[in-house]
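A.B. asks: Heads up: the sequence shown begins at 79 in the numbering used here, then just goes up one per residue. Sharing a structure, written as structure tokens. Questions coming.
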Amino acid sequence: MSIAKKNFFYKVSGLSFRSKNVFIFGAWFGKRFSDNPKYLLMQMLKSDKFKRKKFVWIGNDSLAKMINNKRVVFIRRNSLKSIFYQLRAGKAFFTHGYQDFGDYSFLKGAICFQLWHGFPIKKIGADNSNTPNEGKRRYENYQYFLASSPVMARRMSTAFSYYGAQKGNVLIASMPRVDYLRENSNNYELKATIKKKLGIDSGKFVITYLPTFRDKSRQVFSFQRVNNQEVSHMLEEKNAVLLERQHFVRRSSNNGQRVGNYLNLDETVDTQDILLITDLLISDYSSVYVDFIALNKPIIHFLYDNDDYLKNDRGTYAIDPRREFAGPVAYTIPELLSIIGNKNNFFEKYRLRANKNLEFNQNYNSRFIDLYKDIIK
Numbered sequence: 079m080s081i082a083k084k085n086f087f088y089k090v091s092g093l094s095f096r097s098k099n100v101f102i103f104g105a106w107f108g109k110r111f112s113d114n115p116k117y118l119l120m121q122m123l124k125s126d127k128f129k130r131k132k133f134v135w136i137g138n139d140s141l142a143k144m145i146n147n148k149r150v151v152f153i154r155r156n157s158l159k160s161i162f163y164q165l166r167a168g169k170a171f172f173t174h175g176y177q178d179f180g181d182y183s184f185l186k187g188a189i190c191f192q193l194w195h196g197f198p199i200k201k202i203g204a205d206n207s208n209t210p211n212e213g214k215r216r217y218e219n220y221q222y223f224l225a226s227s228p229v230m231a232r233r234m235s236t237a238f239s240y241y242g243a244q245k246g247n248v249l250i251a252s253m254p255r256v257d258y259l260r261e262n263s264n265n266y267e268l269k270a271t272i273k274k275k276l277g278i279d280s281g282k283f284v285i286t287y288l289p290t291f292r293d294k295s296r297q298v299f300s301f302q303r304v305n306n307q308e309v310s311h312m313l314e315e316k317n318a319v320l321l322e323r324q325h326f327v328r329r330s331s332n333n334g335q336r337v338g339n340y341l342n343l344d345e346t347v348d349t350q351d352i353l354l355i356t357d358l359l360i361s362d363y364s365s366v367y368v369d370f371i372a373l374n375k376p377i378i379h380f381l382y383d384n385d386d387y388l389k390n391d392r393g394t395y396a397i398d399p400r401r402e403f404a405g406p407v408a409y410t411i412p413e414l415l416s417i418i419g420n421k422n423n424f425f426e427k428y429r430l431r432a433n434k435n436l437e438f439n440q441n442y443n444s445r446f447i448d449l450y451k452d453i454i455k
């Protein structure tokens, strides 16, 4: 796809007559009905302030069956209708960019909200040495960016400076997907429904492994593939099940399969639902742990390839990322098992440190839809 062609379509789209009542949503290049756009949409559907809005979700055909609200129109990504709604939209909400709606941007004149899909622990955008010029094209310019703390706002301002991010348009508020976790933390009926859907007994202790995407590292650890006897023994001893989901780019063919107390989750299970039923989270540099902080449950950072990752991958914002972690660090399976078995790991101490160093202030609990209602309406 030529840059000239993309520029042409974007420029022409600025001539379109847009409706302030048409809101379009998309996520993960059209591959998911999830993340901040999904949960912001759910909040809008519950609010009388948005009852006159027309909501459109644009994505791949596989998502159509997930859209079960009559007020939400599903449109296939890259279809003529998706172009039509891009041209009509007054506002657009997404996790990555115009690519969530299609291969070309028809959003000039629309107010675009880059809601993003995680807290920048790893370097992103122009801050990533692999993509120093990201966002320089005119068709990649957006009006507002969402951050959950001043630290995130500063990182978004530099990472997405070419996209148009600056101090005045990076809005600090709680992430809609985190609102969902907080609001349902004691919703035992919902948790039971999720567990039943996944075939997990209600009394099971749920340990979840959610690693980050690795740009260059060839080492992709999987508990199921390793099949460690000591891990299996720990699961039996704790009456636990270990859920695992690799980053979708690295997803293997055994997704959705269960072997004993190991369950490899596929793409259809929403990450926030996984977190909601999780009793102990194992992650690494993935910012999924930042969402999980809201549930006040233990977190362990498993850095099996720490030296290789820091040396050869995209790098982290903090010189020592462990200062931003919300749990103890393990580098080997024996260390991991030792932490799981130790009841005096002072997880609260790590959580408080993370909250302080990531600068979560009062806005961490303030909903985006409430704080910026005049901008969103």
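All C-beta atoms in this analysis are idealised placements derived from N, C-alpha and C, irrespective of residue type, glycine included.
1. How is Leu288 classed by DSSP in three states: helix, strand or coil?
2. Using three-state DSSP, classify Phe424 as helix, strand or coil.
3. Among residues of its own chain, excluding the 5 on either side of Ser94, which ones have a beta-carbon nearer than 6 angstroms to its beta-carbon?
4. Mind checking whether Gly180 and Arg155 have CB atoms under 9 angstroms apart?
5. Any idea what DSSP makes of Ser331, helix, strand or coil?
6. Rounding to the nearest angstrom, what Cα-Cα distance links Gly168 and Ser310 in this structure?
7. Measuring straight from C-alpha to C-alpha, what distance separates Ser331 and His195?
8. Residue range of the beta strand (DSSP E) that Leu321 falls in?
9. Between the alpha carbons of Arg392 and Arg130, how many angstroms are there, rounded?
10. Near Ala188, which residues of its chain fall below 7 angstroms by C-beta distance, leaving aside the five closest residues on each side in sequence?
11. Taking 9 angstroms as the cut-off, decide whether the C-beta atoms of Ile447 and Ser125 are in contact.
12. Candidates Lys316, Leu341, Asp344 and Lys200: which alpha carbon is nearest Ala396's?
13. DSSP on Ser416, reduced to helix/strand/coil?
14. Ends of the alpha helix (DSSP H) at Phe301?
15. From the DSSP secondary-structure annotation, give me the bridge partner or partners of Arg154.
16. Whole angstroms is fine: what's the gap from Thr209's alpha carbon to Ile202's?
17. Could you tell me if Arg429 is buried or exposed, where buried requires 16 or more neighbouring beta carbons within 10 angstroms of its beta carbon?
18. Go ahead and pull the three-state DSSP assignment for Asp113.
19. Tell me the DSSP bridge mates of Ser361?
20. If we count Cβ pairs, one from each stretch, closer than 8 angstroms, do we get three or more for the stretch 370-379 versus the stretch 256-269?
21. Mind the definition here: the stretch 377-393 touches the stretch 410-419 only if three or more C-beta pairs lie below 8 angstroms; say whether that holds.
22. Less than 8 angstroms between C-beta atoms, sequence neighbours within five positions excluded: which residues of the same chain meet that for Lys159?
C.D. replies: Let's see:
1. coil
2. In the structure shown, Phe424 sits in coil (DSSP, three-state: anything other than H, G, I, E or B).
3. The answer, listed in chain order, is Leu165.
4. yes
5. Its pLDDT being 46, under 50, Ser331 is placed unreliably in this model, and the value from its coordinates should be taken loosely. Of the three classes helix, strand and coil, the one that applies to Ser331 here is coil, per DSSP.
6. Rounded to the nearest whole angstrom, the CA to CA distance from Gly168 to Ser310 is 53 angstroms.
7. Its pLDDT being 46, under 50, Ser331 is placed unreliably by the model, and the measurement read from it follows with that caveat. Whole-angstrom Cα-Cα distance: 25 angstroms.
8. Its beta strand (DSSP E) spans residues Ala318 to Glu322.
9. 44 angstroms
10. Only Arg96, Ala167, Gly168, Lys169 and Ala170 meet the Cβ criterion.
11. yes
12. Lys200
13. In this structure, Ser416 counts as helix in the three-state DSSP scheme.
14. Phe301 to Val304
15. Gly137
16. 8 angstroms
17. buried
18. helix
19. His379
20. They touch, by the three-pair rule.
21. Judged by Cβ distances under 8 angstroms, the stretch 377-393 makes contact with the stretch 410-419, as three or more pairs qualify.
22. Ile153
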